[in-house]
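Residue numbers (this note's numbering), protein chains in the order written: chain A, 1 to 191; chain B, 192 to 471. All C-beta atoms, glycine included, are put in the ideal place defined by N, C-alpha and C.
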Amino acid sequence: MRPMTWLLLLGLLASTPLAVFDPPAFLQLVLLAAVFYPLVRNKRFQQFLQQLPRHYQFGLIVLFVLLLAGHLTRSKQRTFPFVVWPMYGFVVQTNLVQSYTVIGITTEGTFIEINPNHLYPSVYRGLVIRLKWMCLSEEEQPLLRQTIRAIGNEYQKQTGISLREVRIYYHWRPLGSEEQTTELIAVEPIP
Amino acid sequence: MTLLHANPSTSYTTSLRALIFLMWLLKFCLDPIQQMATLPQELIVPTAPVSWLPRGVQLLLLTEPALITLRLVGAVSAILTLVPGQIRWASLVCCTSATIYQSLIKGLGHVNHAEICLLLSTLVYTFSVWTPRPKVHPEPLILTLILLTTYVLTATYRLGHGNWRVFVSDSIIFWLADNCYQRNYYNFNWGEWVVDHQWKWIPMKIGFFLVTLLELTSPLVIILSVRYRVIYLFSMLGFHLAVLMTMNLLFWENMLLLGALLGLPEKWTEQPSVDSGASG
Chain A
1 MRPMTWLLLL
11 GLLASTPLAV
21 FDPPAFLQLV
31 LLAAVFYPLV
41 RNKRFQQFLQ
51 QLPRHYQFGL
61 IVLFVLLLAG
71 HLTRSKQRTF
81 PFVVWPMYGF
91 VVQTNLVQSY
101 TVIGITTEGT
111 FIEINPNHLY
121 PSVYRGLVIR
131 LKWMCLSEEE
141 QPLLRQTIRA
151 IGNEYQKQTG
161 ISLREVRIYY
171 HWRPLGSEEQ
181 TTELIAVEPI
191 P
Chain B
192 MTLLHANPST
202 SYTTSLRALI
212 FLMWLLKFCL
222 DPIQQMATLP
232 QELIVPTAPV
242 SWLPRGVQLL
252 LLTEPALITL
262 RLVGAVSAIL
272 TLVPGQIRWA
282 SLVCCTSATI
292 YQSLIKGLGH
302 VNHAEICLLL
312 STLVYTFSVW
322 TPRPKVHPEP
332 LILTLILLTT
342 YVLTATYRLG
352 HGNWRVFVSD
362 SIIFWLADNC
372 YQRNYYNFNW
382 GEWVVDHQWK
392 WIPMKIGFFL
402 VTLLELTSPL
412 VIILSVRYRV
422 IYLFSMLGFH
432 LAVLMTMNLL
442 FWENMLLLGA
452 LLGLPEKWTE
462 QPSVDSGASG
């Protein structure tokens, strides 16, 4: 067998504890070994690796070990940018689809829907998820009110429309149904 | 069997580097990150490596003047990477600015994966300009490996943790609904068209399984025929477009990288070959 094959087998053997303590991670390692096997057995790929200077070979190994370690340890914040890639990788246990709406009430009394993602495009994905968490958490209500006040102020600054207050509503809807339950979560006056 | 980017030309490697730093230039110019300063500071807990700094420094970085400075330094250094003779320091400064920028914006609730391949590509290019140059340009193949590995990791996680149940359950339909009922940055909402008609759920689930298989077999793109590469490229671009239209999630950085790494004919990317005799 070639050195690369030995390396793959050794890697799998070394990860035996994973098979016991974290079967999904072990299954992932087996799949990774299977899909990368044809590549590492490719002669031209081996030549490519061999002609790289030592510092490149070392850098490449470090890079891929970090990618794999961050992924298999399901790390997010601590090891960024070497993180887990879990997109749509778990079975959803609920059929209640949840969403929120931020509403601004102008000084004239008109209700306007505010899209916070357009006010903070840098963090739009994070803001959507964080606002949902805050709506559902009792402890985070003060932070939620501070956040919707900041959203109201930013909306006034960017649009020139004066607001009297900002509200956040939460919606629940069973998957496949059009019936929606709505609850007012927080109201924050805008000074 | 072939090997993609076995012997890339200098002009292609340099153009790829320029594309990567131009993508950062675009981000620094267009993304108003200083607006984050108006959000409550408790809301943002930066990721590594900024999280390794004292909290006082993290809070300083989240102030409006610091964020504007970060944008300016990032944009200027990205431009300077295009100026001959400036690449070493400019790439280092741009890479550092991009890393800080990403650590800050990923610190709000969710580590969005959209820019991670771009950031890792920047690290590779910064490494390459600071180290002695090898005989061939390895960067295009390394970038391809990184990009494709992230797709493989996504697929293996789905198969390892979600296994067959993730495909037969209504999970993918739930995520469609979750993303399209919620106000997002993009609001195409074609997902509602799927969610609201149950007969469309089965084709959606089959598509989800097929995309996972395609992601899983990504490394084969490097060694299989050009025809397979083209099929793979258009399938992945179509997949990203479908994700945008149905779930309002845009991975334009990955789409550009896929196009630049897999979509160009070899006569544009490779050096005129003197047959080495290694057909593989």
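Please confirm if residue i has its CB atom under 8 Å from at least one CB of chain B.
{"i": "T270 of chain A", "result": "Only positions 1 to 191 of chain A appear in the structure, and residue 270 of chain A is not among them; the question remains open."}
{"i": "W172 of chain A", "result": "no"}
{"i": "A150 of chain A", "result": "yes"}
{"i": "Q141 of chain A", "result": "no"}
{"i": "R44 of chain A", "result": "yes"}
{"i": "I129 of chain A", "result": "yes"}
{"i": "P191 of chain A", "result": "no"}
{"i": "E138 of chain A", "result": "no"}
{"i": "R164 of chain A", "result": "no"}
For residue i versus residue j, is the C-beta spacing smaller than 8 Å?
{"i": "I151 of chain A", "j": "I103 of chain A", "result": "no"}
{"i": "L253 of chain B", "j": "I235 of chain B", "result": "yes"}
{"i": "Q77 of chain A", "j": "A239 of chain B", "result": "yes"}
{"i": "G300 of chain B", "j": "G126 of chain A", "result": "yes"}
{"i": "A451 of chain B", "j": "L210 of chain B", "result": "yes"}
{"i": "I333 of chain B", "j": "V315 of chain B", "result": "yes"}
{"i": "A289 of chain B", "j": "E255 of chain B", "result": "no"}
{"i": "C308 of chain B", "j": "E457 of chain B", "result": "no"}
{"i": "Q158 of chain A", "j": "L131 of chain A", "result": "no"}
{"i": "R374 of chain B", "j": "T101 of chain A", "result": "yes"}
{"i": "L194 of chain B", "j": "F48 of chain A", "result": "yes"}
{"i": "Y155 of chain A", "j": "L143 of chain A", "result": "no"}
{"i": "I413 of chain B", "j": "L63 of chain A", "result": "no"}
{"i": "A281 of chain B", "j": "S294 of chain B", "result": "no"}
{"i": "D296 of chain B", "j": "I224 of chain B", "result": "According to the sequence displayed, residue 296 of chain B carries Ile and not Asp. Cβ distance < 8 Å, so I296 of chain B and I224 of chain B count as in contact."}
{"i": "Y348 of chain B", "j": "W85 of chain A", "result": "yes"}
{"i": "H55 of chain A", "j": "T403 of chain B", "result": "no"}
{"i": "F212 of chain B", "j": "V92 of chain A", "result": "no"}
What residues are listed by DSSP as bridge partners for residue i?
{"i": "H171 of chain A", "result": "A:S99, A:T182"}
{"i": "T106 of chain A", "result": "A:L163"}
{"i": "V196 of chain A", "result": "Because chain A spans 1 through 191 in this model, residue 196 of chain A falls outside it and cannot be assessed."}
{"i": "E140 of chain A", "result": "Paired residues: none, contrary to the question."}
{"i": "I259 of chain B", "result": "BP columns for I259 of chain B are empty, so no partner."}
{"i": "I114 of chain A", "result": "A:V102"}
{"i": "P199 of chain B", "result": "B:E461"}
Can you pull the chain A residues whose beta carbon is under 8 Å from the beta carbon of residue i, in chain order?
{"i": "P245 of chain B", "result": "Near P245 of chain B there are no residues of chain A at all, since even the closest Cβ is about 16 Å away, more than 8 Å."}
{"i": "S360 of chain B", "result": "V91, V92"}
Under 8 Å between C-beta atoms, does residue i make it to chain A?
{"i": "W280 of chain B", "result": "no"}
{"i": "A469 of chain B", "result": "Low local confidence applies: a pLDDT of 41 at A469 of chain B is under 50, so the model's placement there is unreliable, with the coordinate-based value given in what follows. Yes, A469 of chain B counts as interfacial toward chain A."}
{"i": "R208 of chain B", "result": "no"}
{"i": "Q462 of chain B", "result": "no"}
{"i": "M227 of chain B", "result": "yes"}
{"i": "Q249 of chain B", "result": "no"}
{"i": "F318 of chain B", "result": "yes"}
{"i": "R374 of chain B", "result": "yes"}
{"i": "S202 of chain B", "result": "no"}
For a contact defined as C-beta to C-beta under 7 Å, what are the partners of residue i on chain B?
{"i": "F80 of chain A", "result": "T238, A239, S294, K297, V302"}
{"i": "F36 of chain A", "result": "P410"}
{"i": "P53 of chain A", "result": "P323, P325"}
{"i": "G59 of chain A", "result": "F318"}
Identify the contact partners of residue i in chain B, using a Cβ-Cβ distance below 8 Å as the criterion.
{"i": "A25 of chain A", "result": "G351"}
{"i": "F48 of chain A", "result": "L194, A197, V327, P329, L332"}
Residue i versus chain A: which residues are under 7 Å apart at the beta carbon?
{"i": "R356 of chain B", "result": "V91"}
{"i": "I259 of chain B", "result": "Chain A residues near I259 of chain B: none, gap ~13 Å exceeds 7 Å."}
{"i": "T347 of chain B", "result": "Q28, L31, L32"}
{"i": "W366 of chain B", "result": "Y88"}
Less than 7 Å separating the Cβ of residue i from some heavy atom of the ligand SAH?
{"i": "L230 of chain B", "result": "In terms of ligand content, the structure shown is empty, and the ligand SAH therefore cannot be addressed."}
Residues of chain B with CB under 9 Å from residue i, in chain order?
{"i": "E154 of chain A", "result": "Q226, T229, L230"}
{"i": "L67 of chain A", "result": "L311, I337, T340, T341, L344"}
{"i": "Y56 of chain A", "result": "F318, S319, T322, P325, P329, I333"}
Just list the alpha helix (DSSP H) runs in the region 362 to 403 of chain B, keeping only unbroken ones of 4 residues or longer that don't cross its boundaries, in chain order. 362 to 372, 381 to 386
Output the residue ranges of the alpha helix (DSSP H) runs that lie fully inside the region 284 to 342 of chain B and measure 4 residues or longer, sorted by chain position. 307 to 321
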